[in-house]
Each structure stands twice: as C-alpha cells, then as structure tokens.
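Chemist: If you want this note's numbering, it's the 1-based position in the sequence shown plus 216.
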Amino acid sequence: MKIEDFMLSCPSKKFLGIECFGCGAQRAIVMVFEGRFSEAFHMFPAVYTLLMFLFTVGLSFVDKKRNYGNILIIMAVANSIIMVIAYFYKHFYLNTH
C-alpha cells in the first residue's frame, strides 16, 4: 500500500467540483518528505509556511514556558494570504494565459 491510499479527498472538489484553498496540501506535504521540494511548492505554494506553522503548534504543546499565541496568529495570517493569492493565481491567471 502507498501513502496516497490513505489521503483524504477534498469534499469541496468531490461534491461541488470546485477546488478549495487547501487543495493539494496533502500531496505537497508528501512531496516534501520525499525530497521533491520544487514540485511540492508548485503543487501548493503555502506548503512551507504550513509546515512551519504545524511545527510551531507542536512546539507550543511541548514548551509551556513560552507564549506562542502571537507568532501563531501571524503565521496563520501569512499562510492564509499565501493560500488565497496562490488560489487566484492558479485559477484565474494561469487559465487565461
């Protein structure tokens, strides 16, 4: 069995036929762990900020002495902005050129 067999399908794409802002994130994370860094970025440009965010969330559970709230908010906002820009770039700019 391959790891792709365990990936979740996107409900938005499955039921509505429209990709969501996070479509490609699972495959991009797998590509990063396989060492295919450029392909992962092209699949989902926010993959690296997402991984940094998830690492910081994990760190906040382990390191209770520090407050990671502000940095997590900043990282979440930055990640969201990258996801929105990448979504519109992929669906509107690339499809018209």
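The beta-carbon is built from N, C-alpha and C at its ideal position, and this holds for glycine as well.
1) What's the C-alpha gap between residue 246 and residue 261?
2) Which of the three DSSP states, helix, strand or coil, is assigned to residue 304?
3) Of the choices 249, 233 and 244, whose alpha-carbon is the least far from that of residue 263?
4) What does a CB cutoff of less than 7 Å around residue 266 pick up in its chain, not counting 5 residues either side in sequence?
5) Within 10 Å of its beta-carbon, does residue 223 have 16 or more other beta-carbons around it, so buried, or fewer, so exposed?
6) Let's test the definition: count the other Cβ atoms within 10 Å of the Cβ of residue 248 and tell me whether it reaches 16, buried, or not, exposed.
7) Let me check understanding here. Comparing Cα to Cα, which of 269, 256 and 235 lies closest to residue 287?
Modeler: Well, looking at it:
1) Numbered from 1 along the sequence shown, position 30 holds the residue referred to as residue 246. Numbered from 1 along the sequence shown, position 45 holds the residue referred to as residue 261. Their backbone Cα atoms lie some 14 Å apart in a straight line.
2) For the purposes of this step, residue 304 is taken as the residue at position 88 of the sequence shown. In this structure, residue 304 counts as helix in the three-state DSSP scheme.
3) To locate residue 263, count along the sequence shown from 1; it is residue 47. Of 249, 233 and 244, the residue nearest in Cα terms is 244.
4) Sequence index remark: in the sequence shown, residue 266 carries index 50 (1-based). The beta carbon of residue 266 sits closer than 7 Å to those of 241 and 295, all from its chain and outside the five residues before and after it, given in chain order.
5) Within the sequence shown, numbered from 1, the residue matching residue 223 stands at position 7. Exposure of residue 223 is indicated by the presence of fewer than 16 other C-beta atoms within 10 angstroms of its C-beta.
6) Locating residue 248 in the sequence shown gives position 32, counting from the first residue. Its Cβ being crowded by 16 or more others within 10 Å, residue 248 is buried.
7) Against the sequence shown, residue 287 aligns to sequence position 71. For the residues 269, 256 and 235, the minimum Cα distance to residue 287 belongs to 269.
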